[in-house]
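Below you'll find the structure, written out as structure tokens, and then a few comments.
Protein chains: 2
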Amino acid sequence: MPESESPAATHVFDEAIDLVFAGDNRFTGHTHAAYANMVGPFGGITAATILRAVEQHPDVLGIPLSLTINFAGPVAEGPFDIVARPVRTNRSTQHWSIELSQDGAVATTATAVFGTRRATWSSTEHPAPPVPPVEDVASQPFPDFVAWGRNYEMRFVEGAIPEPNAGEHPDSTTTLWVRDNPPRPLDFPALAALGDVFFPRIFLRRGHVLPAGTVTLTIYFHADAEALADQSDSAVLATARSHQFRNGYFDQSAHLWGSDGTALATSHQLVYFKA
Amino acid sequence: MPESESPAATHVFDEAIDLVFAGDNRFTGHTHAAYANMVGPFGGITAATILRAVEQHPDVLGIPLSLTINFAGPVAEGPFDIVARPVRTNRSTQHWSIELSQDGAVATTATAVFGTRRATWSSTEHPAPPVPPVEDVASQPFPDFVAWGRNYEMRFVEGAIPEPNAGEHPDSTTTLWVRDNPPRPLDFPALAALGDVFFPRIFLRRGHVLPAGTVTLTIYFHADAEALADQSDSAVLATARSHQFRNGYFDQSAHLWGSDGTALATSHQLVYFKA
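Sequence lines, in order, name chains A and B.
Okay, so the first sequence: first residue is 1 according to the UniProt record's numbering, each after it adds one.
Okay, so the second sequence: first residue is 1 according to the UniProt record's numbering, each after it adds one.
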């Protein structure tokens, strides 16, 4: 990450995930108004912040391979504490347990696997779908009442946010070109946040906004540092869908590819809803 | 679970996941030779055992919604300790952090979300694929050197374990009818184990056995107690595939449906490989 010469040059994403290491596995941070969601912060910024804690830990080994975040309770506007504990370090992998708390109450639990990668036989079995190039897809604003949406440039190829009175939709697939707004070179925390960048699939299926929130989110990172450098601040192609909605919960699986078709990450989540 | 009247009537799965609650969030258990894998126990039996710990905890709320297991280090043949801690209990959800250790070294970390469900609008967006009925598909034995495979009746519809010198396969999809052997009524631990019942996708793609092991596994439970009771000991239709193999790791997503087409669970994992 380049050092900025003045505070004005700091990207809002970096402000939001900024942490102070307090020693003994402890970090302190503060919620950022620009990433507020309807209730508490955007889940993706919480995921990014927790990943940042591990990245900044003095004992970290390698790069992120996976991250699971459990949204145990609401995060209130204000300061928070993160404890990131390296539970086990092997030769090429490292396992982390992380908790984010406020006033002693745990709001978020997480586990992460970091590690080193070496070149092996590789194969992209699930390639990016055929879509129009980014410049041919119009940018669409997020609803005004969702602050965090303003930090992303979103160009929906299919499954855009439903218009009022849209009615039911037969499937839950959303595909979009997306990048930080203003543009920012992709790194692992930003990629983690993009793994949660989709509005709830139930909005699309039902055709309107209703109470919904991610309960647990898992991201598998396929990108290494070289893939992130190649991607830089270009738009990411992202697609998400659900498989099953039942009795208060639905799942979502998402795939993210770089502008050149490189698979960057897959993410999965389970979401609470009231309908 | 029905109490058995004699030890001979206890299913091997129940023997394998048997735990003793020692108070203060602690359980003790022992690996079971019948669920041994090439290195350490079958990951599915570890997932089932950890889920069982939470189910047996006196403070448990509701039924499993999600489970993430991180295979941090090998589990050696012998006794192990599990600490299952209810980190946060809300009105309808409960978040758990769990660690399995041997001689004080953490071998497995996990998080789980439990909760109560209520009837809502529901939809199976990803139905079971069209396959022959279970009785029309031949049962195939697992390789002899994998003990745990003998505890499952597996009827491969596509993507069976490659024969020697099979050569490369263009895709990683395996679909099979599967159930416990001998048959056993499905419960959440058994469903968790089935979420990891697939041999490594890289074997299929490359056409031979090579070093591979799950690093992290996440299961989303769509079934409730009623769906499990309806399923009983019938075969489950299970399908798994990978999206990306790159530099030492590949992902896998799996879907499990009941014999009547009810979506029971989806599972995702990241797997280490050497090729």
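Cβ atoms here follow ideal geometry from the backbone N, Cα and C, with glycine treated the same way.
Keep in mind it's a predicted model, so treat the numbers as computed, not measured.
Inset, instruction - If I'm right that isoleucine 63 of chain A touches phenylalanine 114 of chain A with Cβ under 8 Å, what's the distance once you round it to whole angstroms? - result: Taking the first sequence and counting its residues from 1, one reaches residue 63 of chain A at position 63. Taking the first sequence and counting its residues from 1, one reaches residue 114 of chain A at position 114. Indeed, because the Cβ distance is near 6 Å, the residues count as touching under 8 Å.
Legend entry - Continuous alpha helix (DSSP H) stretch holding phenylalanine 203 of chain A: start and end: Along the first sequence, one-based indexing puts residue 203 of chain A at 203. Phenylalanine 203 of chain A -> alpha helix (DSSP H) spans 201-206.
Inset, instruction - Show which residues of chain B have a CB atom less than 9 Å away from the CB atom of asparagine 90 of chain A. - result: Locating residue 90 of chain A in the first sequence gives position 90, where the first residue counts as 1. Within 9 Å Cβ-Cβ: Ala72, Gly73.
Legend entry - First and last residue of the uninterrupted alpha helix (DSSP H) at isoleucine 45 of chain A: If you number the first sequence from 1, residue 45 of chain A lands on position 45. It spans 43-56 - the alpha helix (DSSP H) in which isoleucine 45 of chain A sits, taken as one unbroken run.
Legend entry - Under the three-state DSSP convention, the category alanine 128 of chain B falls into: Reading the second sequence from its first residue, position 128 is the one you call residue 128 of chain B. In the structure shown, alanine 128 of chain B sits in coil (DSSP, three-state: anything other than H, G, I, E or B).
Legend entry - CB contact check: threonine 49 of chain A to chain B, cutoff 8 Å: In the first sequence, the residue the question calls residue 49 of chain A occupies position 49. No, its Cβ sits nowhere closer than 8 Å to a Cβ of chain B.
Inset, instruction - Consider the C-beta atom of proline 189 of chain A and the heavy atoms of the ligand NAD; say whether any pair is separated by less than 7 Å. - result: As for the ligand NAD, it is missing from this structure, which has no ligand bound.
Legend entry - Among B:Thr266, B:Gly258, B:Val75, B:Ala263, nearest to tryptophan 177 of chain B - alpha-carbon criterion: Stepping through the second sequence from its first residue, residue 177 of chain B is reached at position 177. When each option's Cα is compared against that of tryptophan 177 of chain B, the closest is B:Gly258.
Inset, instruction - Between the Cα of phenylalanine 80 of chain A and those of A:Arg26, A:His126, A:Pro127, spot the shortest distance and give me the residue it belongs to. - result: The count along the first sequence starts at 1 and reaches residue 80 of chain A at position 80. That would be A:Arg26, whose Cα lies nearest to the Cα of phenylalanine 80 of chain A.
Inset, instruction - For valine 20 of chain B, count neighbouring C-beta atoms within 10 Å of its own C-beta (all shown protein chains included) and say buried if the count is 16 or more, exposed if not. - result: By one-based count along the second sequence, residue 20 of chain B stands at place 20. Label assigned to valine 20 of chain B: exposed.
Inset, instruction - Report yes or no: do three or more beta-carbon pairs, one from the stretch 240-254 of chain A and one from the stretch 177-192 of chain A, lie closer than 8 Å? - result: Three or more Cβ pairs closer than 8 Å define a contact, and the stretch 240-254 of chain A falls short of that threshold against the stretch 177-192 of chain A.
Inset, instruction - Could you tell me if glycine 78 of chain A is buried or exposed, where buried requires 16 or more neighbouring beta carbons within 10 angstroms of its beta carbon? - result: Residue mapping note: residue 78 of chain A aligns to position 78 of the first sequence, counting from 1. Around the C-beta of glycine 78 of chain A, fewer than 16 other C-beta atoms lie within 10 Å, and the residue is accordingly described as exposed.
Legend entry - Span of the alpha helix (DSSP H) around alanine 229 of chain A: Translated into positions along the first sequence, residue 229 of chain A becomes position 229. Start and end: 225-231.
Inset, instruction - Answer with yes or no whether the minimum CB distance from serine 253 of chain A to chain B is below 8 Å. - result: Along the first sequence, read from residue 1 onward, the residue named residue 253 of chain A stands at position 253. Cβ-Cβ to chain B under 8 Å: yes for serine 253 of chain A.
Inset, instruction - Using three-state DSSP, classify aspartate 136 of chain B as helix, strand or coil. - result: To locate residue 136 of chain B, count along the second sequence from 1; it is residue 136. Note: aspartate 136 of chain B maps to helix in three-state DSSP.
Inset, instruction - Would you list the one or two residues that DSSP bridges to tryptophan 177 of chain B? - result: Indexing the second sequence from 1 puts residue 177 of chain B at position 177. Looking at the DSSP assignment, tryptophan 177 of chain B forms a beta bridge with B:Arg155, B:Leu237.
Legend entry - Straight-line gap, threonine 214 of chain B to glutamate 125 of chain B (C-alpha atoms, nearest Å): In the second sequence, the residue the question calls residue 214 of chain B occupies position 214. In the second sequence, the residue the question calls residue 125 of chain B occupies position 125. About 28 Å.
Legend entry - Chain-ordered residues of the stretch 244-275 of chain B with a beta carbon less than 8 Å from chain A: Gln244, Phe245, Arg246, Asn247, Gly248, Tyr249, Asp251, Ser253, His255, Ala263, Thr266, His268, Leu270, Tyr272, Phe273, Lys274, Ala275
Inset, instruction - Report the neighbours of histidine 95 of chain B on chain A: residues whose CB is nearer than 7 Å to its CB, in chain order. - result: As a working mapping, residue 95 of chain B is identified with position 95 in the second sequence. Asn70, Ala72, Thr109, listed in chain order.
Inset, instruction - Please look up how many angstroms separate the CB atoms of glutamate 99 of chain B and threonine 109 of chain B, rounded, as I've assumed it's under 8 Å. - result: Taking the first residue of the second sequence as position 1, residue 99 of chain B is located at position 99. Taking the first residue of the second sequence as position 1, residue 109 of chain B is located at position 109. About 5 Å; that satisfies the 8 Å criterion.
Inset, instruction - State yes or no: is the beta carbon of glutamate 55 of chain A nearer than 8 Å to at least one beta carbon in chain B? - result: Indexing the first sequence from 1 puts residue 55 of chain A at position 55. Interface residue (Cβ-Cβ distance to chain B less than 8 Å): glutamate 55 of chain A is not classified as such.
Legend entry - asparagine 37 of chain A burial status per 10 Å Cβ neighbour count (16 or more: buried): The sequence position of residue 37 of chain A within the first sequence is 37, counting from 1. The residue is buried, with at least 16 neighbouring Cβ atoms inside 10 Å.
Inset, instruction - Ignore the nearest five residues each way along the sequence and tell me which others in alanine 22 of chain A's own chain have a CB closer than 8 Å to its CB. - result: Numbered from 1 along the first sequence, position 22 holds the residue referred to as residue 22 of chain A. Answer for alanine 22 of chain A: Thr28, listed in chain order.
Inset, instruction - Kindly indicate if chain A contains any beta-carbon less than 8 Å away from that of threonine 214 of chain B. - result: The residue labelled residue 214 of chain B in the question sits at position 214 within the second sequence. No, because no Cβ of chain A sits closer than 8 Å to the Cβ of threonine 214 of chain B.
Inset, instruction - Identify the continuous alpha helix (DSSP H) that holds aspartate 14 of chain A and give its terminal residues. - result: By 1-based counting over the first sequence, the position of residue 14 of chain A is 14. Element bounds for aspartate 14 of chain A: 12-16.
Inset, instruction - Please go through the stretch 55-125 of chain B and give each complete alpha helix (DSSP H) segment of 4 or more residues, from N-terminal end onward. - result: Runs of the alpha helix (DSSP H) inside the stretch 55-125 of chain B: none found.
Inset, instruction - Under 8 Å Cβ to Cβ from alanine 235 of chain A, same chain only, skipping five residues before and after it: list those, please. - result: Residue 235 of chain A sits at position 235 when you count from the first residue of the first sequence. Val134, Glu153, Arg155, Trp177, Val178, Arg179, Ser259, listed in sequence order.
Legend entry - For leucine 19 of chain A, the three-state DSSP class (helix, strand or coil): Taking the first sequence and counting its residues from 1, one reaches residue 19 of chain A at position 19. Coil.
Legend entry - Assigned secondary structure, alanine 254 of chain B (DSSP; H/G/I helix, E/B strand, else coil): Looking up residue 254 of chain B in the second sequence gives position 254. The answer is strand: DSSP assigns alanine 254 of chain B an E or B state.
Inset, instruction - Grab the span of the alpha helix (DSSP H) containing alanine 190 of chain A for me, first residue to last. - result: Your numbering for residue 190 of chain A matches position 190 in the first sequence. First-last of the alpha helix (DSSP H) with alanine 190 of chain A: 188-194.
Legend entry - Beta-carbon gap between leucine 217 of chain B and glycine 43 of chain B smaller than 8 Å: Along the second sequence, one-based indexing puts residue 217 of chain B at 217. Along the second sequence, one-based indexing puts residue 43 of chain B at 43. Result yes, Cβ atoms of leucine 217 of chain B and glycine 43 of chain B sit closer than 8 Å.
Inset, instruction - Please name the residues in the stretch 104-136 of chain B whose beta-carbon is closer than 7 Å to at least one beta-carbon of chain A, in chain order. - result: Val106, Thr109, Thr111, Val113, Arg117, Arg118, Ala119, Thr120, Trp121, Ser122, Ser123, Thr124, Glu125, His126
Legend entry - Beta-carbon proximity check, threonine 262 of chain B vs alanine 229 of chain B, cutoff 8 Å: Walking along the second sequence from the start, residue 262 of chain B turns up at place 262. Walking along the second sequence from the start, residue 229 of chain B turns up at place 229. By the CB criterion at 8 Å, threonine 262 of chain B and alanine 229 of chain B fall outside the cutoff.
Legend entry - Neighbour-count burial assignment, proline 189 of chain B, 16 or more Cβ in a 10 Å radius: Position 189 of the second sequence, counted from the start, is the residue given in the question as residue 189 of chain B. Buried, because 16 or more other Cβ atoms sit within 10 Å of the Cβ of proline 189 of chain B.
Legend entry - Rounded straight-line distance, which links the Cα of leucine 191 of chain B to that of lysine 274 of chain B: For the purposes of this step, residue 274 of chain B is taken as the residue at position 274 of the second sequence. For the purposes of this step, residue 191 of chain B is taken as the residue at position 191 of the second sequence. Each residue's alpha carbon lies about 29 Å from the other.
Inset, instruction - Report the rounded CA-to-CA distance for proline 127 of chain B versus glycine 149 of chain B, giving the unit in angstroms. - result: As a first step, residue 127 of chain B must be located in the second sequence, where it is residue number 127. As a first step, residue 149 of chain B must be located in the second sequence, where it is residue number 149. So the alpha carbons of these two residues sit roughly 27 Å apart.
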